[in-house]
Amino acid sequence: MLELADVSHVYVNSGGASLAVEKLNLTVQRGEFISLVGPSGCGKTTILSLLAGLLRPTQGEVLLAGETVRGPSPKLGYMLQQDYLFPWRTIRDNAALGLEIHGIRTPEKLAYVDELLTELGLPGAGSKYPHELSGGMRQRVALARTLATEPEVLLLDEPFSALDLHIKLLLEDLVEETLNRLGKTAVLVTHDLAEAAAMSDRVIILGRNPGRIQCEVRIPDAIRELAPMQARKHPAFQEVFEQLWAELDTEEEEAGVAEVEES
Ligand code: ADP
């Protein structure tokens, strides 16, 4: 469904050129849920921007369903840490924003927006305004807005990190259940290893200097098949968490040593 084929990206600005990510190869299957984790500066945002078509790779190719990604596409939905709801628009009009941008705000699509709001636990919220909703509710509106244009792939950039733990856990379950039901493919960027382990089919661990794929951890079926909240309680969950932690730890230490040696 999604592929990074030998992708490198160099940022060029007045300060010079810097190699942000180097020779990335990654294939995401249709319906798969993967997470990207790694230390700050390892290229997570760059990779999401490349997948979203917001950046063109300096080298290599990004493919969506076999076709080169050349710019933003309605097939790709992006969900961010902040909900970016417009305060002067009703919830329904906020959720319908993508439909307007793509020129497809039809009565059928608006009915789908209402359906999504109901499925996401916000029945009757369409005529309210963002300030009337809690943070968790607003993030559900942001999810409805992302899903309204019926993207095939969702790029999730730390969508739960600004929320209280309790709300975050509930939303993880809701997002996973919704994406599974709709058969969506998803790429999640998160700092939270437990979240990555609980939600994903595969976790990609990135290293830095320059950003690269260090290794990947396949989540065992017994955990993968459970909703995130249940997955966290599975007896094998701790072992998976420790495996991820060990991989990440090594990288942090290596980066630390490299920085000391360079200075
Ligand atoms: P992460 O999201 O994992 O923190 P980023 O993708 O933001 O990593 O950054 C990867 C690397 O690219 C870092 O070394 C960062 O300093 C560099 N970088 C990111 N954006 C720019 C930019 N606009 N110009 C120059 N360098 C950048």
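Here this note's numbering is used: position 164 in the sequence shown is 164, and no number is missing along the way. A virtual CB, placed ideally from N, CA and C, is assigned to each residue, including glycine.
Here's a check: name, in chain order, each residue in its chain whose Cβ is nearer than 7 Å to the Cβ of residue 27, leaving out the five neighbours to either side. Taking the sequence shown and counting its residues from 1, one reaches residue 27 at position 27. Counting only Cβ-Cβ distances below 7 Å, and skipping sequence neighbours, we find 3.
Count the other C-beta atoms from every protein chain shown that fall within 10 angstroms of the C-beta of residue 101, then say buried if there are 16 or more, exposed otherwise. For the purposes of this step, residue 101 is taken as the residue at position 101 of the sequence shown. With fewer than 16 Cβ atoms within 10 Å of its Cβ, residue 101 is classed as exposed.
What's the C-alpha gap between residue 109 and residue 9? As a working note, residue 109 is residue 109 in the sequence shown. As a working note, residue 9 is residue 9 in the sequence shown. When rounded, the distance between both Cα atoms is 37 Å.
With residue 93 as the anchor, note down where its alpha helix (DSSP H) starts and where it stops. Here residue 93 refers to the residue found at position 93 when the sequence shown is read from its first residue. That run of the alpha helix (DSSP H) goes 91–95.
In chain order, what residues of the same chain have a beta carbon less than 6 Å from the beta carbon of residue 76, not counting five sequence neighbours either side? As a first step, residue 76 must be located in the sequence shown, where it is residue number 76. Excluding sequence neighbours, residue 76 sits near 52, 151 and 153.
Taking just the CA atoms, how far does residue 59 sit from residue 68? Locating residue 68 in the sequence shown gives position 68, where the first residue counts as 1. Locating residue 59 in the sequence shown gives position 59, where the first residue counts as 1. Roughly 13 Å separates the two Cα atoms.
Taking Cβ positions, are residue 149 and residue 74 nearer each other than 8 Å? Taking the sequence shown and counting its residues from 1, the one referred to as residue 149 is at position 149. Taking the sequence shown and counting its residues from 1, the one referred to as residue 74 is at position 74. Their beta carbons are under 8 Å apart, which means residue 149 touches residue 74 by this criterion.
Taking the DSSP output, what are the residues bridged to residue 27? Here residue 27 refers to the residue found at position 27 of the sequence shown. Residue 27 is bridged to 3.
Residue 181 beta carbon less than 8 Å from that of residue 201: Walking along the sequence shown from the start, residue 201 turns up at place 201. Walking along the sequence shown from the start, residue 181 turns up at place 181. Not in contact: residue 201 and residue 181 (Cβ atoms no closer than 8 Å).
If distances are taken between C-alpha atoms only, which option among 44, 72 and 66 comes closest to residue 56? Start at 1 with the first residue of the sequence shown, and residue 56 comes out as number 56. Residue 56 has its Cα closest to that of 72, out of 44, 72 and 66.
Ignore the nearest five residues each way along the sequence and tell me which others in residue 167's own chain have a CB closer than 6 Å to its CB. Position 167 of the sequence shown, counting from 1, holds the residue named residue 167. Within the same chain, residue 167 has close Cβ partners 136.
List the whole-angstrom C-beta distance separating residue 43 from residue 205, where the pair is believed to meet the contact cut-off of C-beta under 8 Å. Indexing the sequence shown from 1 puts residue 43 at position 43. Indexing the sequence shown from 1 puts residue 205 at position 205. Not really, about 12 Å apart at Cβ, beyond 8 Å.
8 Å CB neighbourhood of residue 134 in its chain, flanking five on each side removed: Taking the sequence shown and counting its residues from 1, one reaches residue 134 at position 134. Excluding positions up to five away in sequence, the list reads 167.
Reduced DSSP secondary structure (H/G/I, E/B, other) of residue 82: Along the sequence shown, read from residue 1 onward, the residue named residue 82 stands at position 82. Coil.
Classification of residue 86 by the beta-carbon crowding that lies within 10 angstroms, buried from 16 upward: Reading the sequence shown from its first residue, position 86 is the one you call residue 86. With fewer than 16 other Cβ atoms within 10 Å, it is exposed.
Residue 244 and residue 196 - do their beta-carbons sit closer together than 8 Å? Position 196 of the sequence shown, counted from the start, is the residue given in the question as residue 196. Position 244 of the sequence shown, counted from the start, is the residue given in the question as residue 244. It is a contact, given that the beta carbons lie within the stated cut-off.
Reduced DSSP secondary structure (H/G/I, E/B, other) of residue 234: In the sequence shown, the residue the question calls residue 234 occupies position 234. Residue state, collapsed to three classes: coil.
Please name the residue or residues paired with residue 17 in a DSSP beta bridge. Here residue 17 corresponds to residue number 17 of the sequence shown, with the count starting at 1. Beta-bridge analysis with DSSP links residue 17 to 12.
Among 116, 34, 239 and 139, which residue has its Cα nearest to the Cα of residue 169? Position 169 of the sequence shown, counted from the start, is the residue given in the question as residue 169. Checked all of 116, 34, 239 and 139; the closest Cα to residue 169 is 139.
In chain order, what residues of the same chain have a beta carbon less than 6 Å from the beta carbon of residue 221, not counting five sequence neighbours either side? Locating residue 221 in the sequence shown gives position 221, where the first residue counts as 1. Non-local beta-carbon contacts of residue 221 in its own chain, meaning distances under 6 Å to residues more than five positions away in sequence, are absent.
Nearest residue (CA-CA) to residue 31, options 214, 106 and 1: The count along the sequence shown starts at 1 and reaches residue 31 at position 31. Minimum Cα distance to residue 31 is reached at 1.
Going by the DSSP bridge assignment, what does residue 49 pair with across the sheet? Residue numbering aside, residue 49 sits at position 49 when the sequence shown is read from its first letter. Looking at the DSSP assignment, residue 49 forms no beta bridge with any residue, so it has no partner.
Residue 19 to residue 179, Cα distance in whole Å? Looking up residue 19 in the sequence shown gives position 19. Looking up residue 179 in the sequence shown gives position 179. Rounded to the nearest angstrom, the two C-alpha atoms are 34 Å apart.
DSSP state of residue 136, grouped into three classes? Indexing the sequence shown from 1 puts residue 136 at position 136. Helix at residue 136.
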